[in-house]
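First to last, the sequence lines map onto chains L and E. Just so it is clear: in the first sequence, position 147 is 341 by our numbering, and no numbers are missing. Just so it is clear: in the second sequence, position 215 is 409 by our numbering, and no numbers are missing.
There are 2 protein chains.
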Amino acid sequence: MAEQSTLDAFEDIPITDLSALREALLALRDHEIVAVLGRTDPRRRAVLFRLLPKDRAVAVFEDLDPGLAGDVLGALRDERVGQLIEDLDPDDRVLLFDELPANVAKKLLLGLSPEEHELTATLLGYAIGSIGRRMTPEYIKVLATMTAGEAIEHVRRAGKSAETVYYLPVAGSTRIVVGAVELRDLLMAEPDATVADLMHEPLLISVNEPEEDAARKVVDADLIATAVVDSESRLVGLLTFDDAASILASAEAEDAARTGGSEPLRQPYLSARLIAVVRSRVVWLFVLVAASTLTVAVQDTFSATLEQSLALALFIPMLIGAGGNIGSQAATTITRSLALGDVRPRDILRVLFRELRVGLMLGGTLGLIGFVPAMLLVGADIALVLLLTVASIGTLAAAVGGAIPLGARALRVDPAIVSAPFISTFVDATGLVVYFLIAKAVLGI
Amino acid sequence: MAEQSTLDAFEDIPITDLSALREALLALRDHEIVAVLGRTDPRRRAVLFRLLPKDRAVAVFEDLDPGLAGDVLGALRDERVGQLIEDLDPDDRVLLFDELPANVAKKLLLGLSPEEHELTATLLGYAIGSIGRRMTPEYIKVLATMTAGEAIEHVRRAGKSAETVYYLPVAGSTRIVVGAVELRDLLMAEPDATVADLMHEPLLISVNEPEEDAARKVVDADLIATAVVDSESRLVGLLTFDDAASILASAEAEDAARTGGSEPLRQPYLSARLIAVVRSRVVWLFVLVAASTLTVAVQDTFSATLEQSLALALFIPMLIGAGGNIGSQAATTITRSLALGDVRPRDILRVLFRELRVGLMLGGTLGLIGFVPAMLLVGADIALVLLLTVASIGTLAAAVGGAIPLGARALRVDPAIVSAPFISTFVDATGLVVYFLIAKAVLGI
């Protein structure tokens, strides 16, 4: 709470009082500065960032959301930009370049020192979306024939620019990975024990693997880092646990946004321009509303039925609401399970069979509970229509909600896109058809 | 892909072929075994777990979802349970105890060795939901007066049972934390440099802080671990980055489930009993459907209007669908921003003002685009009703969707509970009222 109020107080300092701003800014930690920049308008953000000393500017910049980083860059003078880009870690630099317009990225790449240029160009050579672009090429390897003492000495000498020194792939001059050893195990061992005795079989990640799959493996295996290798098992980089966690966090942000029917903003909400917020929502909204014109067509088709029994109209929003909710529940559960790897496309029949039963149980219970109140309100025949409809819609919605994310994954479409809102809309239209067909059959109209 | 098919092949081995099962099981890594156990039925799961040698059983057990861990425990003999519990890390043990019935947890606690009993009882003394229950009490501290060489020697001697040796709080016999130093910095320094020269100011987390807030700080600050202190700044434990990441992952799983209108399952989908899946959804479904009976009441109130212009009925599902989608988009965005700390309850007016404009822009655009098609279909007067309604509902839905999660957080209710489905249901009823009122005014009925 003390911390919260420091941040609040900070926001009350006027933009014109540069010395007070600077002093307050330097009292904050890097991640607090990141939070401050994410809550402020572009003009104040540019002023604040320019107040940061060089080394802290790099650390803060590396932690900004990609959308925001591009924004900040645009507000700096060219020589400052060049220095900042030079000081970034190669993997953070590639992440930024992927965000910038191609010609800007190219210009920045050409401005780098030869050494950093090479590291960056190597990463940029891997396919977009592959872990090759997100790994660090700055690792230390040790030899299997070294003693623990020698390996530690090697780390002391070579470790300065490495991203981590705690996880050490074991590889010779061919760079073929034969093992991995943790610094901790080297330190705890007798100094003359060999690396070969201390190393364990490494989890290897292919450099072409999709970034999210690779990150999930590292996090699931709870490893401090993992070796990334090319198709001949040669070491090309390391993926650290914290980079893996941050890849998964972006993927989850994307899933969460799409589950709610919008595209991810890629920057903190309060820092985004209004038009960016609108843009992140407008496409999906239009798709969903366009799809829902189906409901107009369905009602138009059955307008004779509706005219004969206007009481049917009373329950339409409630019925399609129930269907939409049951479908969303199933879709969210399965989308999440897919992301976690708990469920795979080959499980589609198992999932379908489970969801059919779950949907029937949910819809059936709901229908039975509502039967008596509905009977008192509109009579036994319509109450029966409602019971049959809600049980049918429930079964249908759960099955569709469970199966569609799996189908999407099998077709290599992001399951989150076709989840909750998509399924609600689909269930709306089919639910209406079911309702009117049951009504016609039961009421004999 | 190779890995995937190993797992698939594993699932084809019959449960009766114990020696084949054991051999295939031992060829898997710990996290792969966790995945296998999460996809199988309770009987096979119990058999597989019993086939694991003791040390691997502990490693696998620590990684199981809490719901599943309780299940596995129930299938073991008492002496095996006692050994397993004794071998767990204290923080994992407390996580498990929180999941088990109180009397079972108590019995297991009493069965521990004196040393493990004390570590566990200390953690259990902190409030449920506080980081005190999730930190590790097994840390190493160093003295500010030590040289780098002495500190490394101290780590070598004392580090065996510590959860991490890479992050070392600096504290004397009073346990008041005066700094923190990374093992990497000790190793890179001259051996006679003092810890006081190498240490930096630590990020301190209070032992009573809510676990999610504490975890978010560690992950945001990208620290390998963080010292946890009591109210007098005395060291009581460490929170490691991977434990913090796993706390956030559970919180996100909970948010994702609730955003879809169900409670989290707390175990992999395929391993859960059907009734557990139904139970996770039924309560919210009933709440949402009960709330949606409001729509019946609204339509009943305006039934005279509906009778006079049956064409109005055609558009009801589409209109409330659009309102629900706009509300869900806003709610999901704000719920997520709250979880990330990008938005705070004090920002409610800023959020409200943004969402009012975003909603008006979305609803207005949608209405204008639909105006001509609607005019051709049902005439200019109803098309005007639709335009005005969708603009109003859009504004209302976005504002409500943005404000309600903030209100919930201010009232200490989980924002995810009241997000998407709750807001759709609310918007359904109010949207209908808006629709009928506009229709009455424009059509003069």
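Don't be surprised by glycine CBs; every beta carbon is placed ideally from N, CA and C. Only a predicted model underlies this, so the values are computations on that prediction, with no experimental measurement involved.
Within the same chain, show all residues whose beta-carbon is closer than 8 Å to that of E/ASP414, passing over the 5 residues directly before and after it, in chain order. Here residue 414 of chain E refers to the residue found at position 220 when the second sequence is read from its first residue. The residues are GLY535.
Quick check: is the beta carbon of E/HIS225 nearer than 9 Å to any beta carbon in chain L? Taking the second sequence and counting its residues from 1, one reaches residue 225 of chain E at position 31. Yes, E/HIS225 lies at the interface with chain L (some Cβ there is under 9 Å from its Cβ).
Since L/GLU408 and L/ILE322 are thought to touch, with beta carbons under 8 Å apart, how far apart are those beta carbons, to the nearest angstrom? Against the first sequence, residue 408 of chain L aligns to sequence position 214. Against the first sequence, residue 322 of chain L aligns to sequence position 128. The residue you asked about is not Glu; residue 408 of chain L is Ala in the sequence shown. Contact between L/ALA408 and L/ILE322 is ruled out by a C-beta separation of about 14 Å, above the 8 Å threshold.
Reduced DSSP category for L/ALA365 - H, G, I as helix; E, B as strand; rest coil: For the purposes of this step, residue 365 of chain L is taken as the residue at position 171 of the first sequence. Judged by DSSP in its simplified three-state form, L/ALA365 adopts strand.
Please name the residue or residues paired with L/ILE322 in a DSSP beta bridge. As a working note, residue 322 of chain L is residue 128 in the first sequence. Under DSSP, L/ILE322 takes part in no beta bridge, so it has no partner.
Would you kindly work out how many angstroms separate the C-alpha atoms of L/ARG378 and L/ASP281, rounded to a whole number? Numbered from 1 along the first sequence, position 184 holds the residue referred to as residue 378 of chain L. Numbered from 1 along the first sequence, position 87 holds the residue referred to as residue 281 of chain L. Their backbone Cα atoms lie some 29 Å apart in a straight line.
Determine the burial state of L/GLU395: buried for a count of at least 16 other Cβ atoms within 10 Å of its Cβ, exposed for fewer. By one-based count along the first sequence, residue 395 of chain L stands at place 201. With fewer than 16 Cβ atoms within 10 Å of its Cβ, L/GLU395 is classed as exposed.
Pull up the distance between the alpha-carbon of L/THR499 and that of E/THR487, whole angstroms please. The residue you call residue 499 of chain L lines up with position 305 of the first sequence. The residue you call residue 487 of chain E lines up with position 293 of the second sequence. If you draw a straight line from the Cα of L/THR499 to the Cα of E/THR487, it is about 22 Å long.
Looking at L/LEU562 and L/ARG636, is the spacing between their C-beta atoms short of 9 Å? Taking the first sequence and counting its residues from 1, one reaches residue 636 of chain L at position 442. Taking the first sequence and counting its residues from 1, one reaches residue 562 of chain L at position 368. Correcting the residue identity first, residue 636 of chain L is Val in this sequence and not Arg. The answer is no: Cβ separation not under 9 Å.
Within 7 Å of chain L by C-beta, residues of the stretch 288-314 of chain E in sequence order: For the stretch 288-314 of chain E, the set of positions with a beta-carbon nearer than 7 Å to some beta-carbon of chain L is empty.
Against chain E, with Cβ distances strictly below 9 Å, would L/LEU634 count as a contact? Within the first sequence, numbered from 1, the residue matching residue 634 of chain L stands at position 440. At residue 634 of chain L the sequence reads Lys, which differs from the Leu that was named. It does not: the Cβ of L/LYS634 has no partner Cβ on chain E nearer than 9 Å.
Distance, Cα to Cα, E/GLU403 vs E/LEU318? On the second sequence, residue 403 of chain E is found 209 positions in, with the first residue counted as 1. On the second sequence, residue 318 of chain E is found 124 positions in, with the first residue counted as 1. For E/GLU403 and E/LEU318, the distance between alpha carbons rounds to 15 Å.
Pair within 9 Å by beta-carbon distance, L/THR205 and L/VAL241: Position 11 of the first sequence, counting from 1, holds the residue named residue 205 of chain L. Position 47 of the first sequence, counting from 1, holds the residue named residue 241 of chain L. According to the sequence displayed, residue 205 of chain L carries Glu and not Thr. By the CB criterion at 9 Å, L/GLU205 and L/VAL241 fall outside the cutoff.
On the criterion of 16 or more Cβ atoms from any shown chain inside 10 Å, does L/SER367 qualify as buried, or is it exposed? The residue labelled residue 367 of chain L in the question sits at position 173 within the first sequence. Its Cβ having fewer than 16 others within 10 Å, L/SER367 is exposed.
Indicate whether at least one CB of chain E lies closer than 9 Å to the CB of L/ALA439. The residue labelled residue 439 of chain L in the question sits at position 245 within the first sequence. Contact of L/ALA439 with chain E is assigned, a C-beta pair being separated by under 9 Å.
Does the stretch 482-496 of chain L come into contact with the stretch 513-520 of chain E, if we say contact requires no fewer than three beta-carbon pairs (one atom in each stretch) closer than 8 Å? As far as the Cβ criterion goes, the stretch 482-496 of chain L touches the stretch 513-520 of chain E, which means the pair count is three or higher.
Which listed residue (L/THR420, L/LEU556, L/ILE418 and L/PRO260) has its alpha carbon closest to that of L/VAL584: The residue labelled residue 584 of chain L in the question sits at position 390 within the first sequence. Cα-wise, what sits closest to L/VAL584 is L/LEU556.
Output needed for L/ASP265: all residues of its chain with C-beta closer than 7 Å, excluding positions within five of it in sequence on either side, in chain order. Stepping through the first sequence from its first residue, residue 265 of chain L is reached at position 71. Listed in chain order, the non-local C-beta contacts of L/ASP265 below 7 Å within the same chain comprise PRO236, local neighbours out to five positions each way being set aside.
Taking a contact to mean a Cβ-Cβ separation below 9 Å, would you say E/PRO462 touches E/GLU448 in this structure? On the second sequence, residue 462 of chain E is found 268 positions in, with the first residue counted as 1. On the second sequence, residue 448 of chain E is found 254 positions in, with the first residue counted as 1. In this structure, E/PRO462 lies away from E/GLU448, with their beta-carbon atoms at least 9 Å apart.
Comparing the C-beta of E/THR499 with each C-beta of chain L, is any distance below 9 Å? Locating residue 499 of chain E in the second sequence gives position 305, where the first residue counts as 1. Taking Cβ atoms only, chain L never reaches closer than 9 Å to E/THR499, which makes this a no.
Since L/ALA472 meets chain E, which of its residues come closer than 7 Å, beta carbon to beta carbon? Taking the first sequence and counting its residues from 1, one reaches residue 472 of chain L at position 278. According to the sequence provided, residue 472 of chain L is Val. The question's Ala does not apply to it. Correct list: VAL552, MET555 and LEU556.
Nearest by alpha-carbon distance to E/PHE496: which of E/VAL336, E/LEU219 and E/VAL628 is it? The residue given as residue 496 of chain E occupies position 302 in the second sequence. Residue E/VAL628 is the option with its Cα nearest to E/PHE496.
Beta-carbon of L/THR341 versus every beta-carbon of chain E: anything under 9 Å? In the first sequence, the residue the question calls residue 341 of chain L occupies position 147. False, the Cβ-Cβ gap to chain E never drops below 9 Å.
Since E/THR420 and E/LEU397 are thought to touch, with beta carbons under 8 Å apart, how far apart are those beta carbons, to the nearest angstrom? Taking the first residue of the second sequence as position 1, residue 420 of chain E is located at position 226. Taking the first residue of the second sequence as position 1, residue 397 of chain E is located at position 203. Taking C-beta atoms under 8 Å as the contact rule, E/THR420 and E/LEU397 qualify, at a distance of about 5 Å.
I'd like the list of long-range same chain contacts for E/THR529, defined as Cβ closer than 6 Å, with 5 residues on each side in sequence excluded. Indexing the second sequence from 1 puts residue 529 of chain E at position 335. Result list for E/THR529: PRO599, PRO609, ALA610 and SER613, in chain order.
Extract the residue ranges of the beta strand (DSSP E) inside the stretch 223-254 of chain E, only unbroken runs of 3 or more that lie entirely within it. Qualifying beta strand (DSSP E) stretches: none in this window.
Using DSSP with H/G/I as helix, E/B as strand and the rest coil, what is L/ALA466? By one-based count along the first sequence, residue 466 of chain L stands at place 272. Look at L/ALA466 here: in three-state DSSP terms it is coil, with no helix or strand label.
Presumed contact (8 Å Cβ cut-off) between L/VAL401 and L/VAL372, rounded CB distance: Taking the first residue of the first sequence as position 1, residue 401 of chain L is located at position 207. Taking the first residue of the first sequence as position 1, residue 372 of chain L is located at position 178. With 8 Å as the limit, L/VAL401 and L/VAL372 do not qualify as a contact, their Cβ atoms being about 18 Å apart.
At a Cβ cut of 8 Å, what residues of the stretch 486-514 of chain L count as close to chain E, listed as they run along the chain? Listed in sequence order: SER486, THR487, THR489, VAL490, GLN493, ASP494, SER497, LEU500, GLU501, LEU504, ALA507, LEU508, PHE509, ILE510, PRO511, MET512 and ILE514.
Would E/SER456 count as contacting chain L if we go by Cβ distances under 9 Å? For the purposes of this step, residue 456 of chain E is identified with residue 262 of the second sequence, where counting begins at 1. Yes, E/SER456 lies at the interface with chain L (some Cβ there is under 9 Å from its Cβ).
To which residues of the same chain is L/VAL275 closer than 8 Å at the C-beta, ignoring the five residues directly before and after it? Start at 1 with the first residue of the first sequence, and residue 275 of chain L comes out as number 81. Sequence-distant Cβ neighbours of L/VAL275 in its own chain, meaning closer than 8 Å and more than five residues away, are LEU267 and LEU302.
Along the chain, where does the alpha helix (DSSP H) containing E/GLU357 start, and where does it finish? Locating residue 357 of chain E in the second sequence gives position 163, where the first residue counts as 1. Element bounds for E/GLU357: n/a, residue is neither H nor E.
First through last residue of the alpha helix (DSSP H) which encompasses L/GLU273: What you label residue 273 of chain L is simply residue 79 of the first sequence in a count that begins at 1. Membership of L/GLU273 in the alpha helix (DSSP H) is indicated by the continuous run 272-281.
Partners in chain E for L/GLN523, counting only beta-carbon separations shorter than 9 Å: For the purposes of this step, residue 523 of chain L is taken as residue 329 along the first sequence, with counting starting at 1. The answer, in chain order, is ALA451, GLY454, GLY455, SER456, SER474, ARG475, TRP478, LEU479 and PRO615.
In the DSSP assignment, the beta strand (DSSP E) including L/VAL375 goes from what residue to what residue? Walking along the first sequence from the start, residue 375 of chain L turns up at place 181. 371-376 is the extent of the beta strand (DSSP E) around L/VAL375.
For E/LEU539, the three-state DSSP class (helix, strand or coil): As a first step, residue 539 of chain E is located in the second sequence; it is residue number 345 there, counting from the start. Checking the sequence, you will find Pro at residue 539 of chain E rather than Leu. In the structure shown, E/PRO539 sits in a helix (DSSP, three-state: H, G or I).
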